[in-house]
């Protein structure tokens with residue numbers, strides 16, 4: 001598992017926030033994700049469900065697909081996934097299936113989070129892969145982007 | 001929610017088994033899936049993780065992607081998903097996110113199943129979508145395909 005300094009964690013989370021910004025520009029729920037191996041970004045993703053008409057196209061799924069392509073392998077051993085918001089059930093399952101070692105997320109998702117809030121998929125001893133989880137990196141910035149989005153959407157409806 | 005006769009359920013599960021056969025031909029874990037709306041198959045999928053080098057490419061994900069494309073929408077309301085083996089955590093999350101109404105599976109997966117075995121994702125009252133779940137359709141045929149595959153793999157190793 002990679003051992004990042006606080007500065008490195010904030011650097012990579014800022015990259016995930018740049019991805020979230022891409023969702024925002026398309027009026028999608030703003031969540032961004034990057035995957036890092038050996039200090040290098042090997043996958044990037046942002047929520048694009050509406051744009052692509054794909055139910056599964058969350059930030060994490062897009063990033064995992066790209067990292068699988070970069071590595072020419074479905075196994076993402078020794079990789080760290082940075083995501084602005086706590087992963088949902090589907091994405092936590094995908095992270096586990098991809099054998100990702102470590103997840104660092106910004107802000108919790110009390111309604112749908114499956115990495116501590118509703119479920120603890122990533123640390124479940126019954127599954128055949130365990131993931132190290134850390135949270136709270138650039139938490140305010142990550143949460144604010146979501147809050148601003150939903151506030152704006154309520155105003156428009 | 002669609003109301004299938006026993007004969008219709010077995011007909012559609014046989015179609016899912018044909019998909020599983022495609023995985024088997026590629027030496028992948030043999031799981032197949034189809035999605036039905038108004039009596040018509042709008043998505044098909046089979047496990048293709050090794051072939052495509054994509055961690056997420058389970059049968060259900062491939063079928064959901066195809067159904068999303070057929071409908072030009074991420075919402076699969078009033079659709080029934082037939083799958084030979086109980087969905088895992090990722091696929092159960094994806095089924096919920098796609099707003100699928102009903103899941104009918106063949107055989108349970110005691111190790112990874114999230115539609116009753118390890119988790120009950122599809123009927124969780126805390127999530128914002130609930131899915132009707134039925135199991136046991138062509139159960140023996142669905143289970144046997146998996147057992148034969150793993151028996152053969154152990155023999156080859």
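Residue numbers (the UniProt record's numbering), protein chains in the order written: chain A, 1 to 157; chain B, 1 to 157. In this text, a Cβ means the ideal position worked out from N, Cα and C, and glycines have one as well. Just so it is clear, the structure is predicted and the values come from calculations on it, not from any experiment.
Contact note: residue 49 of chain A reaches chain B through 74 and 97, using a C-beta cutoff of 9 Å and chain order. In this structure, residue 29 of chain A places its C-beta atom within 8 Å of the C-beta atom of residue 149 of chain A. Residue burial is scored here from C-beta neighbours: residue 128 of chain B has fewer than 16 other C-beta atoms within 10 angstroms and is therefore classed as exposed.
Runs of the beta strand (DSSP E) lying entirely within the region 11 to 41 of chain B and spanning at least 3 residues, in chain order: 32 to 37. The beta carbon of residue 98 of chain B is closer than 6 Å to those of 64 and 76 in its chain, skipping five residues each way along the sequence.
Pairing residue 121 of chain A with residue 106 of chain A gives a Cβ-Cβ distance that is not under 8 Å. Contact check for residue 43 of chain A and residue 67 of chain A: beta-carbon distance about 3 Å, within the 8 Å limit, so the pair qualifies. Nearest CB-CB separation between residue 133 of chain A and chain B: not below the 8 Å threshold. Approximately 5 Å separates the beta-carbon atoms of residue 94 of chain B and residue 90 of chain A; this is inside 8 Å, confirming the contact. Under DSSP, residue 89 of chain B takes part in no beta bridge, so it has no partner.
For residue 135 of chain B, the three-state secondary structure derived from DSSP is strand. Where residue 110 of chain A is concerned, there is no enclosing beta strand (DSSP E), because DSSP gives it neither an H nor an E. The three-state reading of DSSP puts residue 82 of chain B in strand, counting E and B together. A buried status is given to residue 109 of chain B, since no fewer than 16 other beta-carbon atoms sit within 10 Å of its beta-carbon. In terms of CA proximity to residue 46 of chain A, A:25 leads the group A:25, A:40 and A:38.
The beta carbon of residue 2 of chain A is closer than 6 Å to those of 80 in its chain, skipping five residues each way along the sequence. Residue state for residue 120 of chain B is assigned as strand, using DSSP reduced to three classes. The three-state reading of DSSP puts residue 100 of chain A in coil, since its state is none of H, G, I, E or B. Against chain A, the beta carbon of residue 93 of chain B has neighbours under 8 Å at 88, 89, 90, 91, 92, 93 and 114, listed in chain order.
At the C-beta level, residue 13 of chain A and residue 82 of chain A come within 8 Å of one another.
In the DSSP assignment, residue 61 of chain B falls within the alpha helix (DSSP H) that extends over 59 to 71.
Neighbours of residue 68 of chain B in chain A, taken as residues at a C-beta separation under 7 Å, are given in chain order as 53, 54 and 55. Contacts with chain A at 8 Å (Cβ-Cβ) do not include residue 109 of chain B. The secondary-structure analysis by DSSP pairs residue 129 of chain B with nothing; it has no beta-bridge partner.
With respect to residue 10 of chain B, residue 41 of chain B sits apart: the two C-beta atoms are not nearer than 8 Å.
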